[in-house]
Amino acid sequence: DPIITRTTPPPLPELGSLAALGTMPALLRQLSSLGGCTHPIRLDGHRTEHHLNQDTGEIGRILRHLDSTELPAGHLLVRCNNRRITRCAACAETYRRDTFHLITAGLRGGKGTSEGVATHPRVFATFTAPSFGPVHNRLTGPAGTVRRCRCGIRHDEEDDALGTPLVPDRYDYESAVLWNAHAGLLWRRFSIYLRREVAKRAGLSQRALRNHARLSFAKVAEYQKRGAVHFHAVIRIDGPDGGDSPPPAWATVELLTDAISEATSKAQVAGPVIDGRAHAFAFGGQLDVRPIRGADFNGGQELTDRAVAAYIAKYATKGAETATGALDRPIRLIAEVAHLDISEHARRLVRTAWALGARKALEHLRLRAWAHML
Numbered sequence: 008d009p010i011i012t013r014t015t016p017p018p019l020p021e022l023g024s025l026a027a028l029g030t031m032p033a034l035l036r037q038l039s040s041l042g043g044c045t046h047p048i049r050l051d052g053h054r055t056e057h058h059l060n061q062d063t064g065e066i067g068r069i070l071r072h073l074d075s076t077e078l079p080a081g082h083l084l085v086r087c088n089n090r091r092i093t094r095c096a097a098c099a100e101t102y103r104r105d106t107f108h109l110i111t112a113g114l115r116g117g118k119g120t121s122e123g124v125a126t127h128p129r130v131f132a133t134f135t136a137p138s139f140g141p142v143h144n145r146l147t148g149p150a151g152t153v154r155r156c157r158c159g160i161r162h163d164e165e166d167d168a169l170g171t172p173l174v175p176d177r178y179d180y181e182s183a184v185l186w187n188a189h190a191g192l193l194w195r196r197f198s199i200y201l202r203r204e205v206a207k208r209a210g211l212s213q214r215a216l217r218n219h220a221r222l223s224f225a226k227v228a229e230y231q232k233r234g235a236v237h238f239h240a241v242i243r244i245d246g247p248d249g250g251d252s253p254p255p256a257w258a259t260v261e262l263l264t265d266a267i268s269e270a271t272s273k274a275q276v277a278g279p280v281i282d283g284r285a286h287a288f289a290f291g292g293q294l295d296v297r298p299i300r301g302a303d304f305n306g307g308q309e310l311t312d313r314a315v316a317a318y319i320a321k322y323a324t325k326g327a328e329t330a331t332g333a334l335d336r337p338i339r340l341i342a343e344v345a346h347l348d349i350s351e352h353a354r355r356l357v358r359t360a361w362a363l364g365a366r367k368a369l370e371h372l373r374l375r376a377w378a379h380m381l
């Protein structure tokens with residue numbers, strides 16, 4: 008039986024030492040199989056494969072044997088497969104490409120999906136977070152001219168002030184942290200309401216809808232500059248058997264768009280009561296729903312399936328750290344935060360999550376475990 012265990016061994020020998028031992032070519036061949044992964048997982052152990060007589064069940068000669076200590080690196084190295092671009096750019100790129108192809112197949116067909124899905128009603132929707140207080144922003148006019156922020160400055164695209172509160176002491180950090188913790192539940196609530204609204208417009212009960220149509224979703228969470236989660240989603244109406252079956256005649260982009268708008272306005276999640284203040288969460292008012300048809304991915308234009316797939320794949324490899332400069336790994340001690348190279352806004356979000364995480368009533372949210380994700 009194979010015995011392979013993950014280890015945290017000492018660093019690999021210096022390249023000069025390996026070269027002197029004549030193992031450099033073999034080591035390079037082993038490393039090349041990682042596809043550029045910068046944080047490979049090191050495994051120790053052995054595996055032996057024997058010939059098995061199918062008639063007698065007798066185990067025979069050894070076919071292959073692997074011992075990690077005999078490998079050039081002294082360990083079996085496998086890709087980390089981390090999707091975060093800040094942790095491993097190579098593995099994140101692989102994840103991005105895989106996501107792109109999966110989303111494209113869901114819009115055009117292919118890879119086991121019927122090409123008929125390209126004719127199904129589908130939209131690209133963006134669901135935003137509510138306001139927790141005014142922040143520095145970079146608004147543009149119809150001609151692309153940059154407007155002044157409320158602070159009086161025209162910010163450039165790389166300005167670190169973007170997304171930070173105009174008045175930090177009045178920013179609702181508590182609600183901002185709790186919003187991120189409840190956003191997933193709010194999405195599930197929205198999806199329930201959406202099925203109700205589609206059934207209502209089709210003149211069907213929710214139970215009967217299952218025999219006529221099915222809703223398909225592909226979503227990704229994006230962190231805005233202010234550190235608040237919002238969602239991008241491809242939503243499609245299929246027939247009762249999914250993408251392989253045509254949708255009913257009543258299923259149109261217009262019906263789907265109207266149902267999404269109504270479901271978004273109704274979806275709400277009750278949050279905790281903290282120091283006498285009751286929290287409740289709903290999506291922000293800037294809902295954007297656009298049909299996916301076949302032109303360009305520009306403001307006001309129709310969207311192509313390829314552009315939508317690329318957009319979702321891009322954000323599938325990013326987390327809060329790309330928006331706010333926050334951490335990309337869990338925090339062990341809150342004292343660490345004071346010494347990290349992050350913005351003061353991100354620091355306050357992390358500290359708020361940590362403080363809320365100490366409350367017994369919020370234990371189920373695991374806010375301390377996810378404080379690095381705001």
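For the working numbering, count along the sequence shown from 1 and bump the result up by 7.
Where a beta carbon is used, it is the ideal one built from N, C-alpha and C, also for glycine.
Under 7 Å Cβ to Cβ from residue i, same chain only, skipping five residues before and after it: list those, please.
| i | result |
| --- | --- |
| T264 | V130, V296 |
| C95 | C44, T45, H46, C87, N89 |
| V1 | Missing from the structure shown is residue 1; the chain here goes from 8 to 381 and no further. |
| A97 | G42, G43, C44, T45 |
| S212 | A206 |
On a CA-only basis, which of the options is nearest residue i? Give me that one, please.
| i | options | result |
| --- | --- | --- |
| S121 | A274, D245, I349, T271 | D245 |
| V315 | L294, A240, R214, K118 | A240 |
| A287 | L78, A342, A136 | A136 |
| V276 | D167, L109, L192 | L192 |
| A365 | D166, A378, R355 | A378 |
| V236 | F139, L109, L363 | F139 |
Put residue i into one of helix, strand or coil per three-state DSSP.
| i | result |
| --- | --- |
| P298 | strand |
| G307 | Annotation note: pLDDT 47 at G307 (below 50); position unreliable, no value reported. |
| K232 | coil |
| P16 | Its pLDDT being 48, under 50, P16 is placed unreliably by the model, and the measurement read from it follows with that caveat. Coil at P16, not helix or strand. |
| K325 | coil |
| V124 | helix |
| T147 | strand |
| H46 | coil |
| V174 | coil |
| R68 | strand |
| L84 | strand |
| F107 | helix |
| G117 | strand |
Quick check on residue i: buried or exposed, where buried means 16 or more other Cβ atoms within 10 Å of its Cβ?
| i | result |
| --- | --- |
| K325 | buried |
| A302 | Caution applies to A302, whose pLDDT of 40 falls short of 50 and renders its modelled position unreliable; the model cannot decide the point. |
| P47 | buried |
| P16 | In this prediction, P16 has a pLDDT of 48, which is less than 50 and means its spatial position is unreliable; what the coordinates show is noted afterwards. With fewer than 16 Cβ atoms within 10 Å of its Cβ, P16 is classed as exposed. |
| L372 | buried |
| I69 | exposed |
| K367 | exposed |
| H58 | exposed |
| E65 | exposed |
| N60 | exposed |
| H143 | buried |
| Q308 | Note that Q308 scores 49 on pLDDT, short of 50, meaning its location in the model is unreliable and no value can be drawn from it. |
| C158 | exposed |
| K118 | exposed |
Going by DSSP, name the residue or residues bridged to residue i.
| i | result |
| --- | --- |
| D245 | R221 |
| D74 | H53 |
| R129 | R243 |
| A287 | A277 |
| H237 | E229 |
| F134 | F238 |
| L59 | I66 |
| V142 | P172 |
Can you list, in chain order, the residues of its chain whose CB lies under 6 Å from that of residue i, leaving out five sequence neighbours each side?
| i | result |
| --- | --- |
| G250 | T120, S121, V124 |
| R243 | H127, R129, S223 |
| H352 | T171 |
Near residue i, what residues of its chain come up, given a Cβ to Cβ distance below 8 Å and the 5 sequence neighbours on each side ignored?
| i | result |
| --- | --- |
| F197 | F134, A270, T271, A274, F290 |
| R202 | Q213, L216, L222 |
I'd like to know if residue i contacts chain B, where contact means its C-beta is closer than 8 Å to some C-beta of that chain.
| i | result |
| --- | --- |
| Y318 | This model lacks chain B altogether; it includes just one protein chain. |
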